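Novice: Adding 6 to a residue's 1-based position in the sequence shown gives its number in this note's numbering.
Every residue gets a Cβ at the ideal spot worked out from N, C-alpha and C, and that includes glycine.
From a predicted model like this one, the values you see are computed outputs, not experimental measurements.
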Amino acid sequence: MSAPPADSPAPGTPAALRRRAAGVLADLEAEYPDARTELVFRNPFELLVATVLSAQATDVSVNAATPALFAAYPDAQTLSRATPEEVEPLIRTIGLYRGKARNLVALAGLLQERHGGEVPDDFAAVVALPGAGRKTANVVLSNAYGYPAIAVDTHVGRLARRLGLSVQSNPDKIEQDLRALFPKPRWVFLHHALILHGRRVCNARKPLCSACVLRELCPRTGVLISA
Ligand code: SF4
Numbered sequence: 007m008s009a010p011p012a013d014s015p016a017p018g019t020p021a022a023l024r025r026r027a028a029g030v031l032a033d034l035e036a037e038y039p040d041a042r043t044e045l046v047f048r049n050p051f052e053l054l055v056a057t058v059l060s061a062q063a064t065d066v067s068v069n070a071a072t073p074a075l076f077a078a079y080p081d082a083q084t085l086s087r088a089t090p091e092e093v094e095p096l097i098r099t100i101g102l103y104r105g106k107a108r109n110l111v112a113l114a115g116l117l118q119e120r121h122g123g124e125v126p127d128d129f130a131a132v133v134a135l136p137g138a139g140r141k142t143a144n145v146v147l148s149n150a151y152g153y154p155a156i157a158v159d160t161h162v163g164r165l166a167r168r169l170g171l172s173v174q175s176n177p178d179k180i181e182q183d184l185r186a187l188f189p190k191p192r193w194v195f196l197h198h199a200l201i202l203h204g205r206r207v208c209n210a211r212k213p214l215c216s217a218c219v220l221r222e223l224c225p226r227t228g229v230l231i232s233a
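#1: Could you tell me how far apart the beta carbons of Pro90 and Arg108 are, in whole angstroms, since I believe they sit closer than 8 Å?
#2: Exposed or buried, which one is Ala138 when buried takes at least 16 other CB atoms within 10 Å?
#3: For the alpha helix (DSSP H) holding Val93, just list the boundary residues, first then last.
#4: Does Ile180 come out as helix, strand or coil in the three-state DSSP assignment?
#5: Here's the rule I'm using: 16 or more other beta-carbon atoms within 10 Å means buried, otherwise exposed. How should Asn49 be labelled?
#6: Measure the C-alpha to C-alpha separation of Gly115 and Val46 and round it to an integer number of angstroms.
#7: If you count every other CB in all the chains shown that lies within 10 Å of the CB of Asp183, and 16 or more means buried, which is it?
#8: Is Lys106 buried or exposed, if buried means 16 or more other CB atoms sit within 10 Å of its CB?
#9: Taking Asp159 as the reference, which of Ser175, Gly101, Cys215 has the closest Cα?
#10: Does ligand 1 have even one heavy atom less than 7 Å from the beta-carbon of Thr160?
#11: Express the C-alpha separation of Ile100 and Ala41 in angstroms, rounding to a whole number.
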């Protein structure tokens with residue numbers, strides 16, 4: 007754990023916040039050196055589909071459904087020819103499956119129509135796809151194409167607020183706050199590590215603060231640098 011040194015800047019200052027962010031990053035790097043997405047995919051198309059399915063659903067539930075889905079519809083062309091009613095039975099174990107089936111078929115149609123069946127490596131083009139948004143675009147561009155990005159999901163947002171790295175509730179504003187605090191080459195890692203930490207330790211309802219590697223940096227524990 008990265009405890010504040012004796013010459014810590016005054017609590018609440020931008021310097022204190024930057025120092026806390028650096029400590030959080032160092033501790034997460036030590037705790038989750040191999041942090042990466044837990045969605046299973048083999049290409050950008052599969053990642054895009056899995057990410058759309060993962061909205062308000064667990065990665066485990068998505069990974070359980072996608073092998074059969076990708077076997078039936080391995081690319082945008084085959085999926086664009088399906089009806090939502092044909093897709094629904096393959097994803098019905100995932101929350102909001104009816105709406106997601108509609109979005110996937112429409113999304114595949116747009117990929118065919120505008121992008122030759124490929125997932126574009128362009129942020130605005132991915133955001134424009136049905137069922138996609140800023141978070142989906144960030145996940146796809148970072149994991150499929152290596153772009154620096156921070157996708158703010160429920161875990162990233164919760165941890166950013168608990169750790170005092172952002173006071174915002176809007177995901178886009180949280181993303182901007184995190185971008186300003188962390189070095190660009192570590193954005194993708196930070197996103198994955200915060201998700202892992204949110205799932206395993208800093209749960210929404212019952213955070214395991216006594217076992218948390220970030221507890222000495224976290225304002226919520228009251229030990230330390232509170233800003
Ligand atoms: S100390 Fe508690 S609230 Fe803070 S990051 Fe760790 S688990 Fe979350």
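Specialist: Answer, in terms of the structure:
#1: 5 Å
#2: Buried is the label assigned to Ala138, since at least 16 other Cβ atoms lie within 10 Å of its Cβ.
#3: Note, Val93: alpha helix (DSSP H), 90 to 97.
#4: Helix.
#5: exposed
#6: The straight-line gap from Cα to Cα measures roughly 23 Å.
#7: buried
#8: buried
#9: Ser175
#10: no
#11: Per the coordinates, the alpha-carbon of Ala41 lies some 24 Å from the alpha-carbon of Ile100.
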